[in-house]
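Note that the protein sequences, when read in sequence, are chains A and W. The numbering of the first sequence is the working numbering, which starts it at 94 and goes up by one. The numbering of the second sequence is the working numbering, which starts it at 144 and goes up by one. Down below is the structure, laid out as structure tokens.
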Amino acid sequence: MAAMRRRILITGVSRFLGLRLAKRLEHEDVDVVGVDLDEPVVPVENMEFVRCDIRNPLIARVVEATKVDTIVHTNIASEPARLGGRAGMKENNVIGTMQLLAAAQRARRIRRVVVKSSTAVYGMQPGEPSIISEDHAAQQTDLRGYGRDCAEAETYVRDFGRRRPDVALVILRTQNVVGPTVRTSLAGYLSLPVIPTALGFDPRLQLLHEEDAVEALWLALDDDARGIFNIAGGGIVYLSQAIRILGRRRLPLLLPAAAVTADVLRRTGLVDFPVDQLNLIVHGRVVDIRRARERLGFVPRYDTRAALEDFRDNRDAATVQKPGSHPAWERELFEYLKNKVDQERERV
Amino acid sequence: MADAEIIPMNPHARSIGRAHVRIRCRAVTSSGRPCRNYAVGGSDFCRVHGGADAPVEAVRPDAPAAASPPADVQSFARRRSRGEYAVDDFGFDPELFSSVLLPLMGILYERYFRIRHVGVDRVPSDGPVMLVANHSGTIPLDAVMLQYALATYHPARRVMRNVGANLVWEFPLIGSLARKSGAAVACEEDTVELLRRGEVVAVFPEGFKGVGKGWRERYRLQRFGRGGFIEVALRTRTPIVPVSIVGAEEAYPMIADVRPLARALGLPYFPVTPTWPLLGPLGLLPLPSKWIIEFGEPMEMDGYADDAHEDAMLVFDLSDTVRDRIQQMLVRNLEERGGAFF
């Protein structure tokens, strides 16, 4: 008898990374179960979609009923707006992860759990090491918002690991993701025509290209992969340099004014840039990616600079909407919507 | 200096615990002054002048070569404005360093402080090196001048990496400028990583105790922290080069420390110098003291056991040895310099 087909449950399948991973697995020899609140905007072949909130204990029934052996948790979110504010975001991130892991602990079939965390768990204070390795003890007391959520979620993951030593655990701490299609708070910030910065501070930025982020999730499914990994592109650019590469202007503000500006931008919905991430554009955050290269085989295709250039060149193209220049993801979306409209018309 | 370490003031006398007399090199430098390096290997000449028949060459070339203001300012500005330059993971910006920062440091080094350097070629030309120096002068200009000396006068034009304490990184402007000039954070992780990459790292084990000490304590080395730098050097088997810097004390002589103000501002000390805060911003200008930077003989760290860094006694011993060497060089160079300003 052939080995059992692998069954993978992906949370947050309607968000960027979850969806891209599902697409990537479309034609692989695996079954995919996607879980999210909304259906993905792009149809995924060979995927069972289950509409479920991971905060709800019903998730245990889903894990059991779908007979999955692997869980990929990509649903720790950094944008409060989408989840009804900070309280909703925290619920989703922390309680959601707890519920999911409680479900996984019961399910005897589970062999592997992959959690997409973030380098935000390191926080960022002025005196931290310049290049942070996975073993660096994050100072949890300083953490707020997204970083704190990730750190708390990670403690639950580690607790889970103690209770189920038979399960292979992978935690990916991804650096800020940019790319032609992904929507993140940093991408929104870098898309502003005039970019506010903190006067006298020029942080080092390290970026992760969206495709490399998907690649890392894919590698984490490998049988030998286990452990905690920083995932980022190589190299750094200064924020001032990044703004020059993007061909934009910067507006240096005194630090208190910068905090106010960030808040105003967030309130007006212009950029969903939580104030707790302000530290990033004041002190920056650079992580060591050697472990991922050595033990996970993760070699980023885009270094920080290339990721930024791809973001500049292809995102511009996407917003200008030149025919034929859309990235694959958006093209698929357009086709999908067009088919929908055609179907509706036929019905009428 | 009644309670100072008992160190002979005469450089030609016997040094403590080491019964030998060191003779100075007999060569004359290109600037017409007698060479101040020690003679080596039983000859009458130092390493630079390398024996009797070697040509008498300059210790100090007339034109520093490493500082290279951009030849084509326009294309330089264009490239900078497009972000077309590379920085390393720590944030060191080599182009900015050699084209802008070094020439600026050069003005201070050459014209203002008229710094003389001794034995810069004792710093190994490749591989990791740890420079250990005394720290003084309220504002750590000594670190900057040391960096200039190495980038300009070392045969391999080595870029020295400073490690700055937390306070540096909290200040706007200073923090980002420090990063771009190659500094990293003063913590074990950063120091080890820089050495692993084969860089020259400078440490000032006195820390704030050194820069924040009063005028009465000038040139008296403060406690050398917890010896963390020795642990790192032992672990990474990095040679240590002791460095003495004479002159920085007089650049910003701290005659008083206003503690309550320092506490209120969250600073380790609030200095009062003859010009600061009396003259306002003008008081930030250093006094034009005369400097001597001397590099000592490297101390190899690879003859020890693998777990030597965990031997607390050895760590303290080595730390004291480094400290003694620096103190001796300090006393000797202080004597040789003569007047502090002219």
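From the three backbone atoms N, C-alpha and C, an ideal C-beta is built for every residue, glycine too.
{"Check": "Residue-chain proximity (serine 223 of chain A, chain W), Cβ-Cβ < 8 Å", "Outcome": "yes"}
{"Check": "Continuous beta strand (DSSP E) assignments of at least 3 residues falling wholly in the stretch 301-350 of chain W", "Outcome": "303-307 and 343-346"}
{"Check": "Below-8 Å beta-carbon distance, leucine 316 of chain W vs any chain A residue", "Outcome": "yes"}
{"Check": "Cutoff 8 Å: glycine 216 of chain A Cβ touching any chain W Cβ", "Outcome": "no"}
{"Check": "Members of the stretch 373-394 of chain A near chain W, C-beta cut-off 7 Å", "Outcome": "Val379"}
{"Check": "Residue burial classification, glutamine 470 of chain W (beta-carbon count within 10 angstroms, cutoff 16)", "Outcome": "buried"}
{"Check": "For alanine 138 of chain A, three-class secondary structure by DSSP", "Outcome": "The amino acid occupying residue 138 of chain A in the given sequence is glutamate; alanine does not appear at that position. Coil, per DSSP."}
{"Check": "Residues of the stretch 206-226 of chain W whose Cβ lies closer than 9 Å to any Cβ of chain A, in chain order", "Outcome": "Arg223, Ser224, Arg225 and Gly226"}
{"Check": "Within-8 Å CB hit, leucine 102 of chain A to chain W", "Outcome": "no"}
{"Check": "Burial state of lysine 415 of chain A (16 or more Cβ within 10 Å)", "Outcome": "With a pLDDT of 41 at lysine 415 of chain A, under the threshold of 50, the modelled position of that residue is not reliable, and the figure given next carries that caveat. Lysine 415 of chain A comes out exposed."}
{"Check": "First through last residue of the beta strand (DSSP E) which encompasses glycine 320 of chain A", "Outcome": "320-324"}
{"Check": "Three or more C-beta pairs below 8 Å linking the stretch 336-345 of chain W and the stretch 420-430 of chain W", "Outcome": "no"}
{"Check": "Chain-ordered neighbours of tyrosine 331 of chain A on chain W, where CB pairs are closer than 9 Å", "Outcome": "Gly226, Val230, Gly234, Asp236, Ser319, Arg322 and Lys323"}
{"Check": "Under 7 Å by beta carbon: chain A residues contacting alanine 327 of chain W", "Outcome": "Ser223"}
{"Check": "Interface residues of chain A facing asparagine 309 of chain W [CB-CB closer than 7 Å]", "Outcome": "Pro219 and Gly220"}
{"Check": "Helix, strand or coil at isoleucine 224 of chain A [DSSP, three-state]", "Outcome": "coil"}
{"Check": "Neighbour flag for aspartate 454 of chain W against chain A, beta carbons, 8 Å", "Outcome": "no"}
{"Check": "DSSP beta-bridge partners of serine 387 of chain W", "Outcome": "W:Glu437"}
{"Check": "Three CB pairs or more closer than 8 Å across the stretch 441-449 of chain W and the stretch 400-409 of chain W", "Outcome": "no"}
{"Check": "Buried or exposed (CB count within 10 angstroms, at least 16 for buried), aspartate 269 of chain W", "Outcome": "exposed"}
{"Check": "Per-residue contacts from tryptophan 358 of chain W into chain A (C-beta, under 8 Å)", "Outcome": "The contacting residues do not exist; tryptophan 358 of chain W stays about 29 Å from chain A at best."}
{"Check": "Closest residue to glutamine 192 of chain A among A:Ala400, A:Asn168 and A:Gly281 (Cα-Cα distance)", "Outcome": "A:Asn168"}
{"Check": "Per DSSP, cross-strand counterpart(s) of leucine 300 of chain A", "Outcome": "A:Asn269"}
{"Check": "Cutoff 8 Å: glutamine 370 of chain A Cβ touching any chain W Cβ", "Outcome": "no"}
{"Check": "Extent of the continuous alpha helix (DSSP H) run through aspartate 460 of chain W", "Outcome": "455-480"}
{"Check": "Closer than 8 Å to chain A by CB, glutamate 342 of chain W", "Outcome": "no"}
{"Check": "Endpoints, beta strand (DSSP E) assigned at valine 261 of chain W", "Outcome": "259-261"}
{"Check": "Candidates W:Leu421, W:Leu377, W:Leu274 and W:Asp232, of which the one nearest isoleucine 436 of chain W by Cα", "Outcome": "W:Leu274"}
{"Check": "Cut-off 6 Å between Cβ atoms - residues of its own chain near serine 462 of chain W, not counting five sequence neighbours on either side", "Outcome": "Phe367, Gly370 and Ile373"}
{"Check": "8 Å Cβ cutoff met for phenylalanine 233 of chain W and alanine 327 of chain W", "Outcome": "yes"}
{"Check": "Endpoints, alpha helix (DSSP H) assigned at proline 289 of chain A", "Outcome": "From DSSP, proline 289 of chain A is part of no alpha helix (DSSP H) but of the beta strand (DSSP E) over 287-291."}
{"Check": "Beta-bridge pairing of proline 414 of chain W - partner residues as DSSP gives them", "Outcome": "W:Asp400"}
{"Check": "Residues in the stretch 395-407 of chain A having any Cβ partner in chain W nearer than 7 Å", "Outcome": "none"}
{"Check": "Rounded Cβ spacing between valine 128 of chain A and leucine 110 of chain A (contact assumed at less than 8 Å)", "Outcome": "The pair is not a contact, with the Cβ atoms about 14 Å apart (cut-off 8 Å)."}
{"Check": "Collapsed DSSP secondary structure at isoleucine 374 of chain A in the structure displayed", "Outcome": "helix"}
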